[in-house]
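Structure first, commentary second.
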Amino acid sequence: MLDTRPHPYLPNSTPHAVRDMLDHIGVAGFDDLFIDVPAGLRQTRPFGLPPALRSEADLVRHVRKLLRRNETTDDVLNFCGAGTYLHDVPSVCTEVAGRAEFVSAYAGEPYEDHGKHQALFEYQSVMAELLEMDVVSIPTYDGYQAAGTALRMAARITGRRRAVVLGAVLPDRRSRIGEYVRPALEHLEYLPGELDLSDLRATLDDTCAAVLVELPDAHGLVDVDLSEVAAVAHAAGAIVVVAVDPIALGLLGAPARFGADIVCGDLQSLGNGLHFGGAHAGLLAVHDDPTFVYELPTRLYGIAPTATSGEIGFVDVAYERTSLAARENGVEWIGTASALSGIVAGTFLALHGPSGIAELSTSIFDRTSYAVDRLDALAGFSVRDAHRPHFREFVLHVERPGSTAQGVLDALAADGIFGGVPLSDRDILVCVTETHSQADIDSFATALENS
Amino acid sequence: MIDFPTRDTQPHRYHGARWNEPLITDLGSPGERGLLPALAGPEMQRSGDRRRHLIRTARTEAPRLPEIGQAQVLRHALRLSQETLGSHLNVDVGQGTCTIKYNPKVNDDLANDAHVARVHPLQPESSVQGLLQIFHELGQFLCAISGLDACSLQPASGSAGIYTNIRMVQAYHHSRGEDHRNVVVTTSFSHPSNAATARAAGYDVHTIVSGPDGYPTVDALRAVLDENCAALMITNPEDIGVFNPHIAEFVELVHEFGGLCIYDQANANALLGITRAADAGFDACQFNLHKTFGAPHFSGGPAAGACLVTRALEPFLPVPVIVRRDDDIYTLDYDRPSSIGKVRPFYGVTGQIVRAYCWILALGDEGLQQVTEGAVLANNYLMHELVKVAGVTAPLAPHGHRLEQVRFSLQGLAERTGVSSADLAVRMADFGFHYWTSHHPYVVPEPATFEPTESYTRAELDQFVDAFRTVAEEASSSPETVLTAPHRVAITRIADDVMNEPDTWAPSMRAYRAKYLGDVRSEPPHWKPFAGMPSPVRNPKAAHR
Numbered sequence: 000m001l002d003t004r005p006h007p008y009l010p011n012s013t014p015h016a017v018r019d020m021l022d023h024i025g026v027a028g029f030d031d032l033f034i035d036v037p038a039g040l041r042q043t044r045p046f047g048l049p050p051a052l053r054s055e056a057d058l059v060r061h062v063r064k065l066l067r068r069n070e071t072t073d074d075v076l077n078f079c080g081a082g083t084y085l086h087d088v089p090s091v092c093t094e095v096a097g098r099a100e101f102v103s104a105y106a107g108e109p110y111e112d113h114g115k116h117q118a119l120f121e122y123q124s125v126m127a128e129l130l131e132m133d134v135v136s137i138p139t140y141d142g143y144q145a146a147g148t149a150l151r152m153a154a155r156i157t158g159r160r161r162a163v164v165l166g167a168v169l170p171d172r173r174s175r176i177g178e179y180v181r182p183a184l185e186h187l188e189y190l191p192g193e194l195d196l197s198d199l200r201a202t203l204d205d206t207c208a209a210v211l212v213e214l215p216d217a218h219g220l221v222d223v224d225l226s227e228v229a230a231v232a233h234a235a236g237a238i239v240v241v242a243v244d245p246i247a248l249g250l251l252g253a254p255a256r257f258g259a260d261i262v263c264g265d266l267q268s269l270g271n272g273l274h275f276g277g278a279h280a281g282l283l284a285v286h287d288d289p290t291f292v293y294e295l296p297t298r299l300y301g302i303a304p305t306a307t308s309g310e311i312g313f314v315d316v317a318y319e320r321t322s323l324a325a326r327e328n329g330v331e332w333i334g335t336a337s338a339l340s341g342i343v344a345g346t347f348l349a350l351h352g353p354s355g356i357a358e359l360s361t362s363i364f365d366r367t368s369y370a371v372d373r374l375d376a377l378a379g380f381s382v383r384d385a386h387r388p389h390f391r392e393f394v395l396h397v398e399r400p401g402s403t404a405q406g407v408l409d410a411l412a413a414d415g416i417f418g419g420v421p422l423s424d425r426d427i428l429v430c431v432t433e434t435h436s437q438a439d440i441d442s443f444a445t446a447l448e449n450s
Numbered sequence: 000m001i002d003f004p005t006r007d008t009q010p011h012r013y014h015g016a017r018w019n020e021p022l023i024t025d026l027g028s029p030g031e032r033g034l035l036p037a038l039a040g041p042e043m044q045r046s047g048d049r050r051r052h053l054i055r056t057a058r059t060e061a062p063r064l065p066e067i068g069q070a071q072v073l074r075h076a077l078r079l080s081q082e083t084l085g086s087h088l089n090v091d092v093g094q095g096t097c098t099i100k101y102n103p104k105v106n107d108d109l110a111n112d113a114h115v116a117r118v119h120p121l122q123p124e125s126s127v128q129g130l131l132q133i134f135h136e137l138g139q140f141l142c143a144i145s146g147l148d149a150c151s152l153q154p155a156s157g158s159a160g161i162y163t164n165i166r167m168v169q170a171y172h173h174s175r176g177e178d179h180r181n182v183v184v185t186t187s188f189s190h191p192s193n194a195a196t197a198r199a200a201g202y203d204v205h206t207i208v209s210g211p212d213g214y215p216t217v218d219a220l221r222a223v224l225d226e227n228c229a230a231l232m233i234t235n236p237e238d239i240g241v242f243n244p245h246i247a248e249f250v251e252l253v254h255e256f257g258g259l260c261i262y263d264q265a266n267a268n269a270l271l272g273i274t275r276a277a278d279a280g281f282d283a284c285q286f287n288l289h290k291t292f293g294a295p296h297f298s299g300g301p302a303a304g305a306c307l308v309t310r311a312l313e314p315f316l317p318v319p320v321i322v323r324r325d326d327d328i329y330t331l332d333y334d335r336p337s338s339i340g341k342v343r344p345f346y347g348v349t350g351q352i353v354r355a356y357c358w359i360l361a362l363g364d365e366g367l368q369q370v371t372e373g374a375v376l377a378n379n380y381l382m383h384e385l386v387k388v389a390g391v392t393a394p395l396a397p398h399g400h401r402l403e404q405v406r407f408s409l410q411g412l413a414e415r416t417g418v419s420s421a422d423l424a425v426r427m428a429d430f431g432f433h434y435w436t437s438h439h440p441y442v443v444p445e446p447a448t449f450e451p452t453e454s455y456t457r458a459e460l461d462q463f464v465d466a467f468r469t470v471a472e473e474a475s476s477s478p479e480t481v482l483t484a485p486h487r488v489a490i491t492r493i494a495d496d497v498m499n500e501p502d503t504w505a506p507s508m509r510a511y512r513a514k515y516l517g518d519v520r521s522e523p524p525h526w527k528p529f530a531g532m533p534s535p536v537r538n539p540k541a542a543h544r
């Protein structure tokens with residue numbers, strides 16, 4: 000039965016309201032308003048969508064029934080990472096992410112939306128402290144996009160058309176970065192595995208715009224000698240791009256200290272939650288050098304004085320960079336990206352403070368190290384590069400004859416454990432965070448033995 | 000006897016929150032804690048100790064983050080949210096091109112359900128069937144709404160969707176050995192992201208300008224077409240709310256030259272149930288789920304885009320594509336050799352996708368058509384009222400009605416009073432309204448672009464009109480009031496010039512300390528320019544307004 004009650008979202012759809020407004024503007028009916036759409040283009044058949052669920056209660060029942068077909072990471076022990084990470088979400092971050100004003104604000108200017116501007120400037124400021132870089136942009140879409148933009152920035156600055164990527168990189172990340180830089184860079188060269196500086200030196204020449212290093216890399220390794228990499232890259236005129244997960248930076252030093260020129264990364268870990276991979280936001284940071292700042296495609300806010308002494312406002316920095324100001328002559332493009340995820344990330348860092356972020360990073364590192372020790376000791380399994388420092392992720396190698404990575408993962412899933420992400424027939428990428436207790440890791444080990 | 004106010008006797012009055020709230024970097028004191036992470040026990044610490052010294056980039060100094068108690072962080076955040084005028088709070092009809100409509104709260108509840116929010120993208124497919132079904136069904140809904148054949152929900156925003164579309168078209172031409180096609184044609188009132196994404200994909204961009212009716216002529220298009228045309232990228236109705244009635248001829252003409260046609264449907268709120276991308280022959284389009292389909296704007300994202308394409312472009316869609324197998328199991332298909340690859344991590348901006356799905360379910364066929372009717376009616380009502388204000392016109396297509404938005408010109412008012420549209424916009428903040436001028440360059444002189452959507456009542460539109468009329472009158476009677484605005488919001492007028500110069504801009508407190516407080520720090524190793532570098536071309540200075 001078609002529900003013809005007035006729709007709660009459409010206050011102007013009541014017959015009274017329609018007639019009132021049509022009469023007021025002197026128009027006979029809707030067809031007159033669409034007079035510019037030629038008859039030949041007019042849609043003649045309905046879309047064929049399911050009957051409307053005008054009642055909110057009906058909608059909720061329908062959708063929740065569908066959603067219950069999903070298992071949540073609360074129902075199981077989850078060790079999947081590989082780009083999206085299960086971290087604790089502080090309740091204050093949830094509140095900020097759900098504030099009606101922040102949720103429903105958009106393009107308000109520095110006056111009516113002073114608070115939004117301040118919150119975004121504060122994200123820039125606290126992230127700048129963590130990164131020891133003066134310029135942090137309003138977030139772009141996600142960490143993959145941020146890495147792609149960082150490489151394009153390097154290409155524009157240097158006029159060179161090649162880049163080198165060090166260490167292990169996830170296939171999807173590689174796909175995204177490759178897709179994004181293809182129109183701007185002729186070649187991306189990957190140097191996987193443990194870094195050999197002479198290999199790096201050999202591949203760097205005057206065609207190389209940038210060297211991209213991930214820290215931690217796709218396998219969780221955090222022992223790259225960034226100072227050496229930067230020295231070699233800089234000697235060849237190449238820009239050093241470091242991709243970080245900022246949640247590691249309580250333990251790891253700011254990459255800029257070791258020679259990073261552009262830092263990129265993702266803000267998903269900082270209070271933004273899992274959301275089936277839908278909660279990413281891109282971090283981009285540079286030194287306060289106009290050569291770099293003018294190549295940022297994103298919005299960027301700065302502080303400015305107002306007509307009242309001692310008061311500050313927030314406005315765009317070098318707005319002419321953007322495609323909103325200069326269309327195709329802007330840098331890449333700018334549109335709606337992930338601003339509120341930045342506000343959440345800024346709140347996350349402020350809540351933790353210097354001690355909290357150090358404790359959190361260290362806690363993740365220690366738990367990861369424990370899991371490496373525990374799993375490497377299991378018969379039939381080993382951890383690749385077990386002696387090296389890993390942050391949050393490592394590769395579990397299935398040595399047991401007749402077993403495969405997928406077979407092990409299927410057996411674990413039947414036991415209520417999402418054991419990780421298969422990288423190959425015998426390799427599993429395992430993710431351990433502060434959400435895992437020692438007992439959780441022990442249970443994982445026991446389940447692996449029994450798998 | 001008590002006189003109760005009624006809505007006729009009690010005028011809309013506004014004063015914004017004004018906390019004079021310090022920066023978060025100024026709050027707190029040494030040792031305060033906002034949150035205590037769970038610590039690893041001694042056995043786990045010992046495992047960490049065995050490798051900690053092998054980190055070559057270990058942190059040696061604590062980061063200079065603020066130290067603040069939890070309630071203080073919350074209070075600070077809420078004060079800032081109070082100083083923000085979201086559309087849940089105000090009648091947000093002042094932002095043209097962005098479709099600031101009602102974002103139903105129930106959709107937030109459903110998008111934040113643990114069965115969405117606490118699901119990992121790489122957990123077994125069998126454990127995410129509900130989400131995959133939602134993604135798949137939303138894709139089918141959008142195919143029906145566009146008339147096109149296949150969908151990707153992966154792009155992170157409308158602009159990312161436009162970029163994805165031109166990259167698919169590029170891959171299509173490449174697959175046919177037609178890499179010589181190096182030109183994209185767009186129009187002056189198409190959203191800037193069309194021109195910008197085309198350039199980002201490596202194309203030369205030809206922009207054809209509008210004629211007297213608000214859209215370019217067929218002849219203007221014909222004049223720039225040749226065998227090098229890769230695509231037409233066009234918004235319609237263009238960002239001024241005028242529908243180009245020759246759009247099918249445009250598409251046909253571009254097809255004759257072998258180019259494809261990409262429809263920027265950020266403005267789809269004007270056309271639901273009226274006409275579809277496929278009806279005019281388009282090869283691809285994108286929708287902005289956070290505009291047309293009721294998902295929020297989140298202060299500037301997360302957003303979400305959807306790409307819709309014909310069968311000919313389907314092989315090039317980003318991976319993975321979500322498919323329904325014959326046994327009704329949903330699965331992620333990565334085996335697509337012609338795909339352009341990934342355009343975002345995983346599958347899309349899940350929360351926005353769930354919200355858009357719920358929004359369409361709540362409206363159905365009749366509801367979607369009522370959305371467009373309501374939006375167009377409200378827009379024509381608003382135009383009818385605003386052009387009564389002296390010096391305000393709705394130029395281009397002056398004889399006709401508009402679809403979902405209007406780019407007004409306040410040229411007459413500005414010439415008479417010396418008060419610009421941008422000045423009026425600032426003053427409107429004192430009345431609790433946001434008011435947007437236009438993208439650059441300003442083709443319409445002294446522009447103001449408003450889009451009322453279907454979400455506001457006549458009484459609410461009248462509030463906006465009353466405020467606009469008051470401010471326009473002030474421009475004549477007391478221009479100083481307008482020129483020194485704002486007076487009733489969180490701050491007073493900003494001197495923004497300092498942010499356009501490298502020597503004075505301060506994009507963080509760290510930068511401020513270095514530039515203004517003489518903070519001295521050691522210079523870390525960094526890249527240095529070398530001889531023979533390209534000399535950068537900088538655009539002329541521009542301000543946001």
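For the protein sequence lines, the chains are U and H, in the order given.
Numbering-wise, numbering that gives the first Met the number 0 puts 16 at position 17 of the first sequence, and it's gapless, one number per residue.
Numbering-wise, numbering that gives the first Met the number 0 puts 503 at position 504 of the second sequence, and it's gapless, one number per residue.
Built from N, CA and C at the ideal position, the CB exists for glycine as well.
- Query: Are the CB atoms of residue 119(H) and residue 85(U) nearer to each other than 8 angstroms?
  - Reply: Here residue 119(H) is taken as the residue at index 120 of the second sequence, counted from 1. Here residue 85(U) is taken as the residue at index 86 of the first sequence, counted from 1. Yes, they are a contact pair.
Residues within the stretch 165-190 of chain U neighbouring chain H, beta-carbon criterion of under 7 angstroms: 171, 174, 175, 177, 178 and 182
What's the gap between the Cα of residue 343(H) and the Cα of residue 354(H)? Position 344 of the second sequence, counted from the start, is the residue given in the question as residue 343(H). Position 355 of the second sequence, counted from the start, is the residue given in the question as residue 354(H). Between residue 343(H) and residue 354(H), the C-alpha separation is close to 19 angstroms.
Proximal chain U residues relative to residue 51(H), where beta-carbon distance stays under 9 angstroms: In the second sequence, residue 51(H) corresponds to position 52, counting from 1. Those within 9 angstroms of residue 51(H) in chain U are 250, 361, 364, 365, 368 and 388.
In angstroms, rounded to a whole number, what distance separates the CA positions of residue 545(H) and residue 104(U)? Residue coverage of chain H in this structure runs from 0 to 544, which leaves residue 545(H) outside it and unanswerable.
Notebook entry, point to check: Around the C-beta of residue 181(H), are 16 or more other C-beta atoms found within 10 angstroms, so that it is buried, or is it exposed?
Noted result: Against the second sequence, residue 181(H) aligns to sequence position 182. Classification of residue 181(H): exposed, given that the 10 Å Cβ count is below 16.
(request) Under the assumption that residue 293(H) contacts residue 100(H) (Cβ atoms under 8 angstroms), give the Cβ distance between them as a whole number of angstroms. (result) Numbered from its first residue, the second sequence carries residue 293(H) at position 294. Numbered from its first residue, the second sequence carries residue 100(H) at position 101. With a Cβ gap of about 6 angstroms, residue 293(H) and residue 100(H) count as contacting.
> What does a CB cutoff of less than 6 angstroms around residue 298(U) pick up in its chain, not counting 5 residues either side in sequence?
Replying inline: On the first sequence, position 299 is the one that residue 298(U) refers to. Taken in chain order, the residues that qualify are 137.
- Looking at the C-beta of residue 304(U), does it have a partner C-beta in chain H at a distance below 8 angstroms? Reading the first sequence from its first residue, position 305 is the one you call residue 304(U). At least one chain H Cβ lies under 8 angstroms of residue 304(U).
Query - Which of helix, strand or coil DSSP assigns to residue 149(H) - result: Sequence index remark: in the second sequence, residue 149(H) carries index 150 (1-based). Three-state DSSP puts residue 149(H) in a strand.
- request: Look at residue 222(U) and residue 387(U) and say whether their C-beta atoms are less than 8 angstroms apart.
  value: As a position in the first sequence, residue 222(U) is number 223, starting the count at 1. As a position in the first sequence, residue 387(U) is number 388, starting the count at 1. Yes, they are a contact pair.
Query raised in the report: Is residue 279(H) closer than 8 angstroms to residue 246(H) when the C-beta atoms are compared?
Result: Numbered from 1 along the second sequence, position 247 holds the residue referred to as residue 246(H). Numbered from 1 along the second sequence, position 280 holds the residue referred to as residue 279(H). In contact: residue 246(H) and residue 279(H) (Cβ atoms closer than 8 angstroms).
*Please state if the CB of residue 249(U) and the CB of residue 356(U) are separated by a distance shorter than 8 angstroms.*
Position 357 of the first sequence holds residue 356(U). Position 250 of the first sequence holds residue 249(U). Contact flag set, yes.
Check your understanding: What residues from chain U crowd round residue 532(H), counting only those whose CB sits closer than 8 angstroms?
Key -> The residue labelled residue 532(H) in the question sits at position 533 within the second sequence. The answer, in chain order, is 156, 157 and 158.
task: Locate the beta strand (DSSP E) running through residue 472(H), then write down its first and last residues.
output: Here residue 472(H) refers to the residue found at position 473 when the second sequence is read from its first residue. Taken as a continuous stretch (DSSP letters only), residue 472(H) belongs to no beta strand (DSSP E), being part of the alpha helix (DSSP H) at 457-476.
Under the DSSP definition of a beta bridge, which residues are partnered with residue 304(U)? In the first sequence, residue 304(U) corresponds to position 305, counting from 1. Paired residue(s): 311(U).
**Study point:** Alpha-carbon spacing of residue 384(H) relative to residue 457(H), whole angstroms
**Key:** By one-based count along the second sequence, residue 384(H) stands at place 385. By one-based count along the second sequence, residue 457(H) stands at place 458. Their backbone Cα atoms lie some 11 angstroms apart in a straight line.
Query raised in the report: For the putative contact between residue 81(U) and residue 420(U), defined by C-beta atoms under 8 angstroms, what is the C-beta separation to the nearest angstrom?
Result: Counting from one through the first sequence, the residue named residue 81(U) turns up at place 82. Counting from one through the first sequence, the residue named residue 420(U) turns up at place 421. Contact flag correct, Cβ pair sits at about 4 angstroms.
*Sort 296(U), 276(U) and 288(U) by Cα distance to residue 282(U) and report the nearest one.*
By one-based count along the first sequence, residue 282(U) stands at place 283. Selected option, being the one with the closest Cα: 296(U).
- Could you tell me whether the Cβ of residue 79(U) comes closer than 8 angstroms to any Cβ of chain H? Here residue 79(U) corresponds to residue number 80 of the first sequence, with the count starting at 1. So yes, residue 79(U) belongs to the interface.
Checking 8 angstroms against the spacing of the C-beta atoms, do residue 150(H) and residue 307(H) come in under that value? As a position in the second sequence, residue 150(H) is number 151, starting the count at 1. As a position in the second sequence, residue 307(H) is number 308, starting the count at 1. Their beta carbons are under 8 angstroms apart, which means residue 150(H) touches residue 307(H) by this criterion.
Classify residue 287(H) as helix, strand or coil using the three-state DSSP reduction. Taking the first residue of the second sequence as 1, we reach residue 287(H) at position 288. Strand, per DSSP.
Q) By the criterion of Cβ-Cβ separation under 8 angstroms, what are the contact partners of residue 15(U) in chain H? A) Position 16 of the first sequence, counted from the first residue, corresponds to residue 15(U). Here the premise fails: no neighbours, minimum Cβ distance about 10 angstroms.
Roughly how far, in whole angstroms, is the beta-carbon of residue 404(U) from the beta-carbon of residue 394(U), given that I think they are within contact range, below 8 angstroms? Counting from one through the first sequence, the residue named residue 404(U) turns up at place 405. Counting from one through the first sequence, the residue named residue 394(U) turns up at place 395. In fact, because the Cβ distance is near 10 angstroms, the residues do not count as touching under 8 angstroms.
Checklist entry - Between the stretch 130-145 of chain U and the stretch 31-45 of chain H, do three or more beta carbon pairs fall short of 8 angstroms? => result no
Problem set entry | C-beta neighbour in chain U for residue 306(H), strict 8 angstroms | The residue you call residue 306(H) lines up with position 307 of the second sequence. No, residue 306(H) does not count as interfacial toward chain U.
_residue 430(U) in three-state terms, based on DSSP_ = Taking the first sequence and counting its residues from 1, one reaches residue 430(U) at position 431. Residue state, collapsed to three classes: strand.
* Proximity winner among 491(H), 272(H) and 501(H), relative to residue 308(U) (alpha-carbon distances) -> Here residue 308(U) refers to the residue found at position 309 when the first sequence is read from its first residue. Closest by alpha carbon: 491(H).
message = To the nearest angstrom, how far is the alpha carbon of residue 314(U) from that of residue 495(H)?
response = Here residue 314(U) is taken as the residue at index 315 of the first sequence, counted from 1. Here residue 495(H) is taken as the residue at index 496 of the second sequence, counted from 1. Using only the alpha carbons, I get a separation of about 7 angstroms.
* Asked: Which chain U residues are close to residue 144(H), counting only those with a beta carbon under 9 angstroms from its beta carbon?
  -> For the purposes of this step, residue 144(H) is taken as residue 145 along the second sequence, with counting starting at 1. Result: 46 and 48.
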